[in-house]
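2 protein chains.
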Amino acid sequence: MSTSLADLITAMGQKARASSRLCASAGPAVKEKALLRLASLLEENEAAILAANATDTAAAEERGITGPRLARLRLTPGIIGEMAAACRELAAMPDIVGAQDSQWRRPNGLLVGRMRVPLGVIAMIFESRPNVTVDSAILCLKAGNAVILRGGSEALHSNLYLMGLIRTALKETGLPEDAAQLVPVADREAVPLLCGLDAFIDVMIPRGGEALIQRVSSLATMPVLKHDKGVCHAYIHKGADGPAAIPALVNAKAQRPATCNALECLLVHQEEAAAFLPLLGAAMREAGVSLRACSAALPLLLPSGVEALPAAETDFGKEFGDLILAVKIVSSLDEAMEHIARFGSRHTEVIFTGDLAAANRFTREVDASMVGVNVSTRFNDGGQLGLGAEIGISTSKLHAYGPMGLRELTTTKFVVLGNGQARA
Amino acid sequence: MSTSLADLITAMGQKARASSRLCASAGPAVKEKALLRLASLLEENEAAILAANATDTAAAEERGITGPRLARLRLTPGIIGEMAAACRELAAMPDIVGAQDSQWRRPNGLLVGRMRVPLGVIAMIFESRPNVTVDSAILCLKAGNAVILRGGSEALHSNLYLMGLIRTALKETGLPEDAAQLVPVADREAVPLLCGLDAFIDVMIPRGGEALIQRVSSLATMPVLKHDKGVCHAYIHKGADGPAAIPALVNAKAQRPATCNALECLLVHQEEAAAFLPLLGAAMREAGVSLRACSAALPLLLPSGVEALPAAETDFGKEFGDLILAVKIVSSLDEAMEHIARFGSRHTEVIFTGDLAAANRFTREVDASMVGVNVSTRFNDGGQLGLGAEIGISTSKLHAYGPMGLRELTTTKFVVLGNGQARA
């Protein structure tokens, strides 16, 4: 079994590599046609998609999976409609493959430019909802790459059915169907096997929980773009407009607390604490948020009636992933930035201030894929930032730092046009 | 010994990480001042640099090192002058750290931009001439990074002396001297120790022979930007102006045959072979180049009097690094591109043609960090392409593909300015 799995995974890599050269040279029109065909196929096969998904959810329920984990697994006509809409939106977006932002002339007459080209073969190992299968495959394909996906075992039937539709759309429009492949078995051994395929896979993207990220990072022999956890902070600076900050903070914590750009820790300047924390407590109580507060903050929060416990040492730097927020009073901007450097995960960090110098220092000096001033952390998202669709949020600093859209799924090569030049 | 070496390397990593935050926030003026000071120090200490270098060259001669390897090790007043000039040129270049190419407004009023920021701590393991110590350190520093260098053991005295000057320049201008460090021992075990320091080093750049690249790639726990070998091809297409191509081809092969952008294999369309190969043979004979030709090419080359042997199977895909060139006749552009895909190293590939469609297909479809039309392969170089100084030529596709200048030693983070926005 283990040998045949190894053979299967190796064959997938070979087929992806072979397909990737055809994908790279495919023109905009054929890719657009494939995406539009996929949109139709998703709509036409709604009932069959829901049936495949029902197999997964029934098996999950049988294994005792409930609550958000079960909800995440479930596809609905609404989600299927969103997938089809994503295909059409992406089809309408400009094709960046082969484009050059600029060309420049050298003194010897050479014309030099950087051409945007696909990365080649992208592998993604993810644990998310089944619609990620479609959303990530279409981005990779539009950027001219071949893609190998390995989704969560509990979504295998849904993912297989969706991948079947993707491959049908490719085949029907004359693109190689092996440009999109899904590992068709739930065997955990598929992960190390994929991670060893550096001969065929150009970049590995793990997207999911910390254990998955760590496992893939340590095993992968090809470059890895981590989509790691977010331990996101907000800092209320001295003189900030506290009431104006409240809606963004509640949004950051409570809109979708399980996402990586949700707020985990609020830092408050000591001069604002007495006025601001009662407001915060009331707003968070209403949003159903439980607080973990430092000893100085706790007495200022409790009168609001919010649930608040003394913060343990481990509450700082923790990704709660839930309606829980750590709160700490700091004495200065420097202390806030020190705290963030120590406990943050370089994901999303925001300051609330009306002070230009403080805003400039914070945005300049804090090392995170997104730094913000007077905004919710939830804006660290490709769509929200105006990049279009994204495949995830990279916490690696190389190549892509932050949301990865189409551009981040490509690289550039130099193109040099001459008329016989030799180097002096 | 091994424990104390491990302690030493770990301490270097910690000091680099601590310094990197100060480097990242250092303004343009102080960095400019440090670079200008270093230029003066290099000139003022010419005699001492040459003395340190004489220790290295004497030891090398004693160990029987001769020829190009010895020549590569030797510093001269001319090379020292070039290092000082490089410092002044870099000082005069714009500081890109903190810059944003553009900002865009979102429908909800958010102002979004991507700010160029340092990578953090860069480690480079290299085998090259000692002036690389200065050339690479100053690039890393100008880009706001801290840097750890590990040079070849035969250049240790030279490198240590040069690093001493760099650190003096940093210190005298108020920058942290630990922003630039050199591993001060020749022990080979330093390499695996550095490769394990992912807690302190953001990116590892191996630059040297294939064995070094492989060793570092397999050991490194942080992202690696390979500066790998170049197996560069030129292809003479049907109808190309053969005589016009000759100077660029001789330049590509013979100007500096040991460099990674030197030509290793020439492919010639069968319809051009009879007219072109005699010209090639004569020109290469004059340049002292020995050929390794396919059986069809050999009889067309020999009459010129050039040294030419039948090509062995292993001569294709080989980096000769010497005045040796493989020659092969192909039947079509497709066969040429197939050969390049199979035997090339994604470094530099050029076509000679007057045919627009062939030029477009070649530049679009060939996967290499530089693709060229009617030019010498030797132009794949940061200075020649107009990027300014370079730290090397990346053959990794992620983050940087081709010459790495200042921009490639940075990344971008998103900066979002708002007035209390929450995500809808």
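Protein sequence lines correspond, in order, to chains A and B. Residue numbers for the first sequence, in the working numbering: -14 to 409. Residue numbers for the second sequence, in the working numbering: -14 to 409. Even glycine gets a Cβ: it sits at the ideal position worked out from N, Cα and C.
Straight-line measurement puts the Cα of alanine 24 of chain B at about 18 Å from the Cα of proline 79 of chain B. Only exposed fits glycine 273 of chain B, as fewer than 16 other CB atoms lie within 10 angstroms of its CB. Considering only beta carbons, the part of the stretch 383 to 395 of chain B lying closer than 7 Å to chain A consists of Leu383, His384, Tyr386, Gly387, in chain order. The C-alpha of leucine 394 of chain A is placed about 9 Å away from the C-alpha of glycine 129 of chain A. About 7 Å separates the beta carbons of leucine 182 of chain B and threonine -5 of chain B, which is inside the 8 Å limit, making them a contact pair. Beta-bridge analysis with DSSP links lysine 313 of chain B to B:Leu252. Burial state of alanine 278 of chain A is buried, judged by a 10 Å Cβ sphere holding 16 or more other Cβ atoms. When CB distances to chain A are screened at a threshold of 8 Å, the residues of the stretch 0 to 15 of chain B falling below it are Arg6, Ala9, Ser10, in chain order. Counting along the chain, threonine 153 of chain B sits inside the alpha helix (DSSP H) bounded by residues 141 to 157.
Taken through DSSP and simplified to helix, strand or coil, histidine 332 of chain B comes out as coil. Rounded to the nearest whole angstrom, the CA to CA distance from aspartate 187 of chain A to alanine 11 of chain A is 19 Å.
Measuring C-alpha to C-alpha distances from glycine 302 of chain B to each of B:Thr380, B:Pro177, B:Cys72, B:Arg327 identifies B:Arg327 as the nearest.
By the Cβ criterion, the stretch 30 to 48 of chain B is in contact with the stretch 137 to 151 of chain B, since at least three pairs of Cβ atoms, one from each stretch, lie closer than 8 Å. With a minimum length of 4 residues, the unbroken runs of alpha helix (DSSP H) contained wholly in the stretch 353 to 392 of chain B fall at 367 to 370.
Across the stretch 39 to 54 of chain B, no CB contact with chain A closer than 7 Å is found for any residue.
Assigned with DSSP and collapsed to three states, histidine 222 of chain A falls in coil, not helix or strand. Collapsing the DSSP output to three states places glycine 83 of chain A in coil. Contact annotation: glycine 98 of chain B and serine 87 of chain B have beta-carbon atoms nearer than 8 Å. Cα atoms of valine 119 of chain B and lysine 127 of chain A: separation of roughly 43 Å, rounded to the nearest angstrom. For the options B:Glu46, B:Lys211, B:Arg408, the alpha carbon positioned closest to that of serine 361 of chain A is the one of B:Arg408. Counting only Cβ-Cβ distances below 7 Å, arginine 349 of chain A has contacts in chain B at Ser10, Gly83, in chain order.
At a cut-off of 4 residues, the continuous stretches assigned as alpha helix (DSSP H) that sit fully inside the stretch 6 to 39 of chain B are 13 to 29.
DSSP, reduced to helix, strand and coil, places phenylalanine 347 of chain B within a helical segment of the structure shown. The three-state reading of DSSP puts threonine 118 of chain B in helix, counting H, G and I together. Counting the other Cβ atoms within 10 Å of the Cβ of proline 284 of chain B gives fewer than 16, which makes it exposed.
Using a CB distance below 8 Å, no part of the stretch 158 to 181 of chain A faces chain B. Rounded to the nearest angstrom, the Cβ distance from methionine 355 of chain B to threonine 333 of chain B is 5 Å, consistent with a contact under 8 Å. Across the stretch 184 to 212 of chain A, CB contacts with chain B closer than 7 Å involve Asp187, Val188, Pro208, in sequence order along the chain.
In terms of beta-carbon proximity, arginine 363 of chain B lines the interface with chain A, with at least one pair separated by less than 8 Å.
Chain A places no beta carbon closer than 8 Å to that of proline 242 of chain B, leaving this residue out of the contacts. Residues of the stretch 254 to 273 of chain B with a C-beta atom less than 7 Å from some C-beta of chain A do not occur. With 16 or more other Cβ atoms inside 10 Å of its own Cβ, leucine 60 of chain A counts as buried.
Distance check between valine 315 of chain A and each of A:Ala385, A:Tyr220, A:Ala32, A:Val168 places A:Tyr220 closest, using alpha-carbon atoms only. Rounded to the nearest angstrom, the Cβ distance from proline 295 of chain B to serine 280 of chain B is 6 Å, consistent with a contact under 8 Å. Annotation: Cβ neighbours of methionine 355 of chain A in chain B (cutoff 7 Å, chain order): Lys398, Phe399, Val401. The beta-carbon of proline 232 of chain B is placed less than 8 Å from the nearest beta-carbon of chain A.
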